[in-house]
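Student:
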Amino acid sequence: MQRKIFALLLVLALLAAACGAPATAPGGASEGKITLRLWSHQNPSFIQANEAVIARFMEANPDIEVKYEQFEYDQFIQALQTSMQAGTEADVIEMFGTWVCSYARGGRLAETPLDVISYAEAQELFFEAPLNGYYCDGKLYGLPNEFNLEVGGALVNPALFEGKGVPYPPVWDTMDTLREQASRLSEFDGDTMVRAGFHFIGGDGLPFLLLEGILEQGGSYFAEDGKHFTFDTPEAIATIQLLMDMVQKDKLVDPVLFNGESNPPYDGFFAGVVAASFIGSWAAGQGLVNYPDFKFDYVNTPVLFGSERRYAADSGWGKVVSANSKHQEAAWKLVRFMTVEQENAITFNGVTGTIPALKALVENPQPVLEKAPWIEPTFKLLPYGHYIGDLTDRDKLFYEIIYPAILQALQGSMTAEQAAQTIHVQANEMVDAAQ
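Using the numbering used here, the first residue of the sequence shown is number -6, and each one after it goes up by one.
Next up, the structure:
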């Protein structure tokens, strides 16, 4: 309750300050400078990267001052929702790409001017998955900084592999190989699992595995209208059954003791109770900061079905411009500077440890890899990612519908068919409620 009250007071203070400020530049800047406000969430590495690029921008553009403000994640979301209704948000906003279209369709975001960059030009520069989160109804509304990838990789603990005589570094060319080796890494005290061989049961992990399995079998999770879902399909059922077999037959992980709430993949791994954790490469960067003495690697995992990887990816963090900004030209100059210019993109991806959205940084990777070498295993996966699409409410679909249904199946209280049907019904109820 105290947190909610604090967040409300913060938003009210923010609105009051914004409403009291003049709309034009001379009142908010010294010596006739244009003043731009930029908002982001409070991620230390993101702040460090943004501050470095902003300083570079202001040096190159002495007539523009950038005031950079950050908010704790939950408060950031509240501030966006409240301020955009009132028209008091910052000029430039660091926004998660999968959120962009909902704000754009509400008239809150400015369309990217063609003299800044066209969608066709952006397609040449950026990977499809991160870019297309910013492309809504045939219009471009900003540019990405990162490729948000949650599939295709795992944290691995070399000491635990070597202690069990399991080949290291692992070469998991097929799921059969992964399952056989990971089962040897699980440890028990009687019937109680004390170490998971391969932990994949997370709030992001299960949904992304479900979508990947559907796509790799040639299916689709969208209905023909592009809004509703088809989760009661043979492809979805087969994917859920595969995950159930990894738990119930192979004993790779105990879904009661290891899940998104108890020993989640990141925390469990760095607590030493997980030998390998299926998780995005961001976890490696975060682990190096939080656990500098912990010896680990980040390696590729195999496709779930067939031989060709196909997966859905969120559109990651990037920059957009408010439709209410009085300084559109300057704001878009800042957005392009922070996303398209390679030197600045290297700074952002290198400092944050995120995967580049720019193709050129993967084609010539050394400058980024010098700063963030753990992201290299992801590079071979990037061309095969497709934007996840308009999920109506991504977080609700992932965390309140897909994750709990599959978790129940893994724990034995649902069949694969029942879990798929539950997801199908609840996901479509969500869409209907939003229309």
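Each residue gets a CB set at the ideal place from its N, CA and C atoms; glycine is no exception.
What does a CB cutoff of less than 6 Å around V344 pick up in its chain, not counting 5 residues either side in sequence?
Tutor: Sequence index remark: in the sequence shown, residue 344 carries index 351 (1-based). So the qualifying residues of the chain are S38, Q41 and A42.
Student: Beta-carbon within less than 6 Å of Q210's beta-carbon, same chain only, minus the 5 sequence neighbours each way: which residues are those?
Tutor: For the purposes of this step, residue 210 is taken as the residue at position 217 of the sequence shown. Contacts found: E228 and F298.
Student: Below 7 Å CB to CB, which residues in the same chain sit around G100 once its five sequence neighbours on both sides are set aside?
Tutor: Counting from 1 along the sequence shown, the entry for residue 100 is found at position 107. By the criterion of a C-beta distance shorter than 7 Å, G100 is surrounded in its chain by A316, once the five residues flanking it on both sides are discounted.
Student: How would you label Y66, buried or exposed, when you count the other beta carbons within 10 angstroms and need 16 or more for buried?
Tutor: Locating residue 66 in the sequence shown gives position 73, where the first residue counts as 1. Its Cβ having fewer than 16 others within 10 Å, Y66 is exposed.
Student: Residue range of the beta strand (DSSP E) that L148 falls in?
Tutor: Within the sequence shown, residue 148 is the residue found at index 155, counting from 1. Per DSSP, L148 belongs to the beta strand (DSSP E) from G146 to V149.
Student: Could you give the distance in angstroms between the alpha-carbon of L102 and the alpha-carbon of V314?
Tutor: Taking the sequence shown and counting its residues from 1, one reaches residue 102 at position 109. Taking the sequence shown and counting its residues from 1, one reaches residue 314 at position 321. One C-alpha to the other measures close to 6 Å.
Student: Hey, could you find the ends of the beta strand (DSSP E) V93 is sitting in?
Tutor: By 1-based counting over the sequence shown, the position of residue 93 is 100. Careful: V93 lies outside any beta strand (DSSP E), inside the alpha helix (DSSP H) at G90 to R98.
Student: Going by alpha carbons, who is nearest to L199 out of Q359, G253 and F119?
Tutor: Counting from 1 along the sequence shown, the entry for residue 199 is found at position 206. Measuring from the Cα of L199, the nearest candidate turns out to be G253.
Student: Looking only at C-alpha atoms, which of Y284, I381, F262 and T294 sits nearest to F215?
Tutor: Within the sequence shown, the letter at position 222 stands for residue 215. The residue with the shortest Cα to Cα distance from F215 is I381.
Student: Is the stretch 118 to 126 touching the stretch 365 to 385, taking contact as three or more C-beta pairs under 8 Å?
Tutor: yes
Student: In the structure shown, what three-state DSSP assignment does V169 receive?
Tutor: Sequence index remark: in the sequence shown, residue 169 carries index 176 (1-based). In the sequence as presented, Val is not what sits at residue 169; that position holds Asp. Helix at D169.
Student: Do you know whose CA, among K326, S300 and M239, lies nearest I110's CA?
Tutor: Here residue 110 refers to the residue found at position 117 of the sequence shown. Nearest C-alpha to I110: K326.
Student: Just how far apart, CA to CA, sit T28 and D130?
Tutor: The residue labelled residue 28 in the question sits at position 35 within the sequence shown. The residue labelled residue 130 in the question sits at position 137 within the sequence shown. So the alpha carbons of these two residues sit roughly 31 Å apart.
Student: So M237 packs on A398, CB below 8 Å; how close in whole Å?
Tutor: Along the sequence shown, one-based indexing puts residue 237 at 244. Along the sequence shown, one-based indexing puts residue 398 at 405. Actually they do not touch by this definition, with Cβ atoms about 12 Å apart.
Student: Looking at C-beta atoms only, is the number of pairs between the stretch 359 to 368 and the stretch 333 to 351 that lie closer than 8 Å three or more?
Tutor: Short answer: they touch.
Student: Would you tell me roughly how many angstroms separate the C-alpha atoms of I207 and E301, rounded to the nearest one?
Tutor: If you number the sequence shown from 1, residue 207 lands on position 214. If you number the sequence shown from 1, residue 301 lands on position 308. Roughly 13 Å separates the two Cα atoms.
Student: Please go through the stretch 163 to 213 and give each complete beta strand (DSSP E) segment of 3 or more residues, from N-terminal end onward.
Tutor: As far as the stretch 163 to 213 is concerned, its whole beta strand (DSSP E) runs of at least 3 residues are 180 to 182 and 185 to 188.
Student: Return the chain-ordered list of same chain residues with a C-beta closer than 8 Å to the C-beta of P151, the five sequence neighbours on each side being excluded.
Tutor: Taking the sequence shown and counting its residues from 1, the one referred to as residue 151 is at position 158. Contacts found: Y161, P162, K288, F289 and D290.
Student: Could you tell me which of S274, G135, D386 and A324 sits nearest to T347, measuring between CA atoms?
Tutor: Within the sequence shown, numbered from 1, the residue matching residue 347 stands at position 354. Minimum Cα-Cα distance from T347 among the listed residues S274, G135, D386 and A324 corresponds to S274.
Student: Would you kindly report the start and end of the unbroken beta strand (DSSP E) that includes Q63?
Tutor: Position 70 of the sequence shown, counted from the start, is the residue given in the question as residue 63. Its beta strand (DSSP E) spans residues I57 to F64.
Student: Assuming Y304 and A276 make a contact with CB atoms under 8 Å, what is their CB distance in whole Å?
Tutor: As a first step, residue 304 is located in the sequence shown; it is residue number 311 there, counting from the start. As a first step, residue 276 is located in the sequence shown; it is residue number 283 there, counting from the start. The pair is not a contact, with the Cβ atoms about 17 Å apart (cut-off 8 Å).
Student: Return the chain-ordered list of same chain residues with a C-beta closer than 6 Å to the C-beta of F372, the five sequence neighbours on each side being excluded.
Tutor: Mapped onto the sequence shown, residue 372 falls at position 379. Closer than 6 Å at the Cβ level, and outside the excluded window around F372, lie V355.
Student: Looking at the secondary structure, which residues open and close the alpha helix (DSSP H) in which D218 lies?
Tutor: Locating residue 218 in the sequence shown gives position 225, counting from the first residue. It is not in any alpha helix (DSSP H) - D218 carries neither H nor E in the DSSP assignment.
Student: Extract the residue ranges of the beta strand (DSSP E) inside the stretch 353 to 409, only unbroken runs of 3 or more that lie entirely within it.
Tutor: Here the runs fully enclosed are 378 to 380.
Student: Taking the continuous alpha helix (DSSP H) assigned at G311, which residues delimit it?
Tutor: By one-based count along the sequence shown, residue 311 stands at place 318. No alpha helix (DSSP H) contains G311, which is instead part of the beta strand (DSSP E) from W310 to V314.
Student: Taking only the alpha-carbon atoms, compute the straight-line gap between L171 and K244 and give it to the nearest angstrom.
Tutor: In the sequence shown, residue 171 corresponds to position 178, counting from 1. In the sequence shown, residue 244 corresponds to position 251, counting from 1. Looking at the two C-alpha atoms, the distance is approximately 12 Å.
Student: Would you kindly work out how many angstroms separate the C-alpha atoms of R98 and K157, rounded to a whole number?
Tutor: Taking the first residue of the sequence shown as 1, we reach residue 98 at position 105. Taking the first residue of the sequence shown as 1, we reach residue 157 at position 164. Distance between the alpha carbons of R98 and K157 is about 54 Å.
Student: M148 and F262 look like a contact to me (Cβ under 8 Å); what is the Cβ gap, rounded to whole Å?
Tutor: On the sequence shown, position 155 is the one that residue 148 refers to. On the sequence shown, position 269 is the one that residue 262 refers to. Sequence check: residue 148 is Leu here, not Met. With 8 Å as the limit, L148 and F262 qualify as a contact, their Cβ atoms being about 5 Å apart.
Student: Buried or exposed: where does F181 fall if 16 or more other Cβ atoms within 10 Å of its Cβ makes it buried?
Tutor: Reading the sequence shown from its first residue, position 188 is the one you call residue 181. F181 comes out exposed.
Student: Within 10 angstroms of its Cβ, does Y284 collect 16 or more other Cβ (buried), or is it exposed?
Tutor: Counted from its first residue, the sequence shown places residue 284 at position 291. Label assigned to Y284: exposed.
Student: Can you tell me the Cα-Cα spacing of E410 and V267, whole angstroms?
Tutor: For the purposes of this step, residue 410 is taken as the residue at position 417 of the sequence shown. For the purposes of this step, residue 267 is taken as the residue at position 274 of the sequence shown. Going from the Cα of E410 to the Cα of V267 covers about 29 Å.
Student: Assign T28 to one of three DSSP states: helix, strand, or coil.
Tutor: To locate residue 28, count along the sequence shown from 1; it is residue 35. Here T28 sits in strand by DSSP.
Student: Express the C-alpha separation of M407 and A427 in angstroms, rounding to a whole number.
Tutor: As a working note, residue 427 is residue 434 in the sequence shown. As a working note, residue 407 is residue 414 in the sequence shown. Roughly 28 Å between the two C-alpha positions.
Student: Which residues does DSSP list as the beta-bridge partners of A305?
Tutor: The residue given as residue 305 occupies position 312 in the sequence shown. Its beta-bridge partners are H379.
Student: Consult DSSP for D108 and reduce its assignment to one of helix, strand or coil.
Tutor: On the sequence shown, position 115 is the one that residue 108 refers to. Here D108 sits in coil by DSSP.
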